[in-house]
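First the structure, in the form of structure tokens, and then the observations on it.
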Amino acid sequence: MSLAAESVDIRLGGRAVLTDVTLALEPGRFVGLVGPNGAGKTTLLRTLAGLVPPRRGRVILDGTPLLDLSRDARAKRIAVLFQGAGAGWPMRVRDLVALGRLPHRRAFGGLDASDHAAIARAMARTDTAHFAERLEPTLSSGERMRVLLARALAVEAAWLLADEPITALDPAHQLDAMTLLRRVALAGTGVVAILHDLALAARFCDRIVVLGAGRLVDDGDPDILTDRRLAETFGITVRRGVAPDGTPYILPWHRSDPPPEDIDAALPQRS
Numbered sequence: 154m155s156l157a158a159e160s161v162d163i164r165l166g167g168r169a170v171l172t173d174v175t176l177a178l179e180p181g182r183f184v185g186l187v188g189p190n191g192a193g194k195t196t197l198l199r200t201l202a203g204l205v206p207p208r209r210g211r212v213i214l215d216g217t218p219l220l221d222l223s224r225d226a227r228a229k230r231i232a233v234l235f236q237g238a239g240a241g242w243p244m245r246v247r248d249l250v251a252l253g254r255l256p257h258r259r260a261f262g263g264l265d266a267s268d269h270a271a272i273a274r275a276m277a278r279t280d281t282a283h284f285a286e287r288l289e290p291t292l293s294s295g296e297r298m299r300v301l302l303a304r305a306l307a308v309e310a311a312w313l314l315a316d317e318p319i320t321a322l323d324p325a326h327q328l329d330a331m332t333l334l335r336r337v338a339l340a341g342t343g344v345v346a347i348l349h350d351l352a353l354a355a356r357f358c359d360r361i362v363v364l365g366a367g368r369l370v371d372d373g374d375p376d377i378l379t380d381r382r383l384a385e386t387f388g389i390t391v392r393r394g395v396a397p398d399g400t401p402y403i404l405p406w407h408r409s410d411p412p413p414e415d416i417d418a419a420l421p422q423r424s
């Protein structure tokens with residue numbers, strides 16, 4: 154089930170946020186959406202989900218204009234995970250994850266066996282089953298993000314769109330989440346995630362889409378994150394290396410524009 158943006162323009166508050174963005178996405182791939190703050194990443198994700206109508210252009214889902222589909226039809230096919238998208242009132246974790254099954258349920262209908270199975274799978278995959286009875290306000294920010302990811306996975310949609318899914322997680326759970334998202338993609342779901350950690354994006358994603366000032370400036374495999382691209386788009390220089398297993402990695406090191414002050418001299422000296 155393909156998902157594509159065709160010549161999309163978005164204006165919010167009279168300001169151009171996205172300009173002429175064309176992007177074709179395929180299922181079964183983990184796409185990292187990267188770019189500096191204010192580049193339009195979240196707006197693009199919301200547009201792909203059908204939550205922001207384009208001023209010009211359109212989004213196509215499997216050959217059909219997305220906005221021609223009902224809200225329920227879109228919700229069954231596209232699961233979303235946005236920052237701050239909690240329940241708004243105290244709920245048990247299990248009940249919060251169960252909200253992911255709403256698009257599949259009849260009005261006022263209860264959960265059936267397939268719903269319970271999907272909820273259990275999502276909680277097992279996100280390591281949240283052991284606090285299923287806790288209330289959302291008692292969760293740490295990292296635990297809460299994992300629960301929201303479980304809710305999105307419980308939809309079992311063809312597409313998963315995630316806005317900064319690892320930002321609140323500790324390093325171990327960041328690795329777990331990136332591994333999980335990659336496995337979800339390998340199982341056939343299309344995954345698009347906004348990421349700020351360029352090292353993890355380059356390591357785990359099949360494809361990198363770079364936005365800058367509301368425009369698509371690069372698109373391809375992780376090798377597009379060249380020194381020149383990182384300097385022009387993010388204003389940084391990086392250190393590069395190769396892990397023992399042969400995987401290359403990058404580490405943001407300095408601002409490249411404007412030239413930094415003597416950062417190394419300001420850092421604590423190690424003996």
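To convert a position in the sequence shown, counted from 1, into our numbering, add 153.
All C-beta atoms, glycine included, are put in the ideal place defined by N, C-alpha and C.
The region 343-350 makes no contact with the region 365-375; the number of CB pairs closer than 8 Å stays below 3.
Taking a contact to require three or more Cβ pairs closer than 8 Å, the region 186-202 and the region 359-366 qualify as touching.
For Ala232, the secondary structure class from DSSP, reduced to helix, strand or coil, is strand.
Ile389 carries a strand assignment under DSSP once its states are collapsed to helix, strand and coil.
Rounded to the nearest whole angstrom, the CA to CA distance from Leu214 to Asp221 is 10 Å. Asp162 and Ala192 have their C-alpha atoms some 13 Å from each other. A distance below 6 Å between beta-carbons, with the five flanking residues on each side excluded, links Gly253 to the following residues of its chain, in chain order: Arg304, Ala307 and Val308. As for any alpha helix (DSSP H) of minimum length 4 sitting wholly inside the region 297-340, the runs are 324-339, ordered along the chain. By alpha-carbon distance to Leu197, the top candidate from Arg274, Ala158 and Thr390 is Ala158. Between the beta-carbon of Ala384 and that of Leu314 there is about 29 Å, and that puts the pair past the 8 Å contact cut. Annotated three-state conformation of Val205 is coil, per DSSP.
Per the DSSP secondary-structure output, Asp372 pairs in a beta bridge with Val362. Between Thr390 and Arg382, the alpha-carbon positions lie close to 10 Å from each other.
Contact between Leu333 and Thr279 holds: their C-beta atoms lie close to 7 Å from each other, under 8 Å. With fewer than 16 other Cβ atoms inside 10 Å of its own Cβ, Glu286 counts as exposed. The Cβ atoms of Ala352 and Pro375 do not sit closer than 8 Å to each other.
Per DSSP, reduced to three states, the secondary structure at His407 is strand.
When only Cα atoms are considered, Leu249 and Asp380 end up about 43 Å apart. Taking 8 Å as the cut-off, the Cβ atoms of Arg208 and Arg164 count as close. In the three-state DSSP reduction, Pro218 falls in the strand class (E or B).
Looking from the CA of Met244, the closest CA among Arg297, Ala330 and Ala226 belongs to Arg297.
Annotated three-state conformation of Leu264 is coil, per DSSP.
It is roughly 13 Å from the alpha-carbon of Tyr402 to the alpha-carbon of Ile377. A Cβ-Cβ separation of about 6 Å places Ala338 in contact with Gly181 under the 8 Å criterion.
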